[in-house]
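For what it's worth, the UniProt record's numbering labels the leading residue of the sequence shown as 1, then goes sequentially.
Notes to accompany the following structure.
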Amino acid sequence: MSIQEIFRSEFLKPETEVNFTAIHKLECEEVLDNLGYIELDRNSGKQTASFEQLEKGISLFRQEYDLYKLDFHKSIDRFGTFKSHLLSEEELDFLHELSSLEGEFELHHYPLKKIEQNPILSRVLNWRLGILSIFNKSITNQLSNDLTKHLNLLGSWCNISGHEQIIELLGNMEDLSMAIAKQDFYSGSDYRHLIYFKNSYRKLKDKGVKFTSNKKRFESRLPFIPKESQNTLNLVRKKKVPFDSFQNDQLHQLMTRLVQIRLWLLGNYQGKLDNDLGPLSITGIHSLISYIHESYGGKQGYKMSDLLMRLGNDRWVLNVNYLFKALLPVLVRMESDKKMETISEEFSTIINKLEKEEDKKEVLKVIDQQIKTEFESPSNRKSKTRGGKRLLRSIGRFFKRIGDFIKDGIQWVIESIKNLFKWFKNGIKILVRELKKAFHMAKTALSFFFSKRIVKSQNTNSQLITDYDFNFDSLTTVIGTDKELIEEHIRKNRWITNALEEVSEFLGTVISIAIKIAKGPMGWIQLGIEVIKYLVDNKFHYNRLSLDLDN
């Protein structure tokens, strides 16, 4: 049995491959929908695309990229795809970066004229405006005629006039929400630092959220907002200002959406992005507070009643300034010196701290069951398959607490892990995405290293073919004497040579890890987690290959 066959038989069961393909398709749908290459209604009951829709969207993206790739700081070496009709890992990384709402892509460094000329950059700006819902909702490759008006309106709420600064804020929802929250007055708006909304108290209880208003506690946090806004709250309570009078205000709608977006980016919320703080939104805030409590080892500190108060019946008020300026910044203080890139790193640390093999298997079994449950009843809401920046940077404290209390028993560890996946609704998607990428890289390395490699370069007049055999000897056939084609062929072969060196290092590690891991139903999870940890620890950027292994 070959090494490839051993790898497939021991670690890549058919159901695992099916799940990897499912998460890869979901990831493609996410980024293509973000930038308008396909259109999925993020508030519908079903958000899936056919493979035909995906192929059409991918084809359009590649056409635009080929025409305007020189405008971007990094290029995509696309040698095949995950599957013939899906994006490659490199393309996914590129589109994730472009559509990031956490400050990854610096669109503001491009002049507005350049953004207008480049269809991909236009899509990025339209995406940033569109997700806020009060501006253009359709994501196309052309900028709206009302763009200047939209930017100026947003700038007035942030007390900023420069379009470059406004575009920068649009790329980082954390900074945008803070920029608006810190203003004392909003010209032309009835928004007053608090969000007034309706929510079914019964449905909230059905979600398992126990909440009791504490007027004194809520009012003690009101100094986070100006006195005038506090007075408005008193008038609403006395029914001298209608409760519903804020609902049609654009800024009130925007701040409501920003609450949902901030929770969605973290993974605490996986409901509709609909400007409506329903039970799922409030459950998301509850999950965030529970995560903070668990990470610090106690229930002291923040409570739901700090920022939320029931005014009667199903009428509520949320101190959004307190959420943005006090509660969410706790995640920044939770950051460790080592910036996490994956959740898998932390799972690896916990598993290796467990002394008993049966305890390790128990933890892996829990993860395996969570994965099965996720794919048995997948959510059709707007996907978030990557870990939010604040989640990845703060999660080290959560896992450190688990590690410190391993001595209290394996059941405590298991319960904490279950809670993590309950609080962060996309946690399993993030983990499976990480595992998928690691296994795809391992399969690519095996295929590339142990298979024959043929490198072709051709045009209408000339053709060069280099055939590498199993021992890495090569034979090159040359037809024609096109100088530029020969130089291109030499570059390709240098790429192959460098890739072989890189792959051999990676593959040696994969095989050694695989040998150490006992066979069993959870072996594939442990292998994937350990491979990811190796990649991160060694800053191993395996981005040379995205070959289609099935061809």
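Cβ coordinates follow ideal geometry from the N, Cα and C atoms, glycine included.
Contact between the segment 402-412 and the segment 476-491 is absent: fewer than three C-beta pairs spanning the two stretches fall below 8 angstroms. A distance of 8 angstroms or more separates the beta carbons of Ala22 and Phe324. Beta-bridge annotation (DSSP): Ser457 is paired with Leu464.
Taking Lys137 as reference, the option from Glu434, Ile343, Leu40, Ser512 with the minimal CA-CA separation is Leu40. About 5 angstroms separates the beta carbon of Trp423 from that of Tyr291, a gap short enough to meet the 8 angstroms contact definition. Closest in C-alpha terms to Lys239, from the list Lys203, Ser200, Arg315, comes Arg315. For Lys198, the enclosing beta strand (DSSP E) starts and ends at 195-198. Met309 carries a strand assignment under DSSP once its states are collapsed to helix, strand and coil. At a Cβ-Cβ threshold of 8 angstroms, Thr256 and Ile195 count as neighbours. DSSP, reduced to helix, strand and coil, places Asn141 outside both helices and strands of the structure shown, so it counts as coil. Using a 10 angstroms sphere on the CB of Asn34, the tally of other CB atoms reaches 16 or more, which defines it as buried. Judged by DSSP in its simplified three-state form, Leu318 adopts strand.
If you look at Gln260, you'll find it in the alpha helix (DSSP H) that goes 250-266. Rounded to the nearest angstrom, the Cβ distance from Ile167 to His108 is 4 angstroms, consistent with a contact under 8 angstroms. Of all C-beta pairs linking the segment 269-277 to the segment 172-190, fewer than three are shorter than 8 angstroms, placing the two stretches out of contact. Taken through DSSP and simplified to helix, strand or coil, Glu29 comes out as helix. Under DSSP, the beta-bridge partners assigned to Asn172 are Glu102. Taking 8 angstroms as the cut-off, the Cβ atoms of Ser156 and Ser187 count as close. With contacts defined by Cβ atoms closer than 8 angstroms, Leu266 and Gly409 do not form a contacting pair. CA-CA distance, Val236 to Leu354, rounds to 55 angstroms.
Between Gly301 and Ile139, the C-beta gap is not smaller than 8 angstroms, which leaves the two residues out of contact. Ranked by Cα distance from Thr481, the first of Thr460, Arg494, Leu98, Gly171 is Thr460. DSSP, reduced to helix, strand and coil, places Ile134 outside both helices and strands of the structure shown, so it counts as coil. Going by C-alpha positions, Leu392 is about 25 angstroms away from Gly523. Bridge partners of Val478 according to DSSP: Leu464. Around the beta carbon of Gln526, 16 or more other beta carbons lie within 10 angstroms, which makes this residue buried. Less than 8 angstroms divides the Cβ of Ile430 from the Cβ of Arg386.
With a contact defined as Cβ atoms closer than 8 angstroms, Phe246 and Tyr191 qualify at about 7 angstroms. Put simply, of Ile131, Leu129, Lys443 the residue whose alpha carbon is nearest the alpha carbon of Val531 is Lys443. The three-state reading of DSSP puts Ile160 in coil, since its state is none of H, G, I, E or B.
When rounded, the separation of the alpha-carbon atoms in Glu164 and Val332 is 26 angstroms.
CA-CA distance, His24 to Leu92, rounds to 9 angstroms. The beta carbons of Phe398 and Glu294 sit about 6 angstroms from each other, so the pair counts as a contact at 8 angstroms. Residue state for Phe72 is assigned as coil, using DSSP reduced to three classes. Here Leu129 has Phe135, Asn136, His150, Leu170 as same chain residues with Cβ atoms under 7 angstroms from its own Cβ, once five neighbours each way along the sequence are excluded.
In this structure, Thr497 keeps its C-beta atom at 8 angstroms or more from the C-beta atom of Tyr534.
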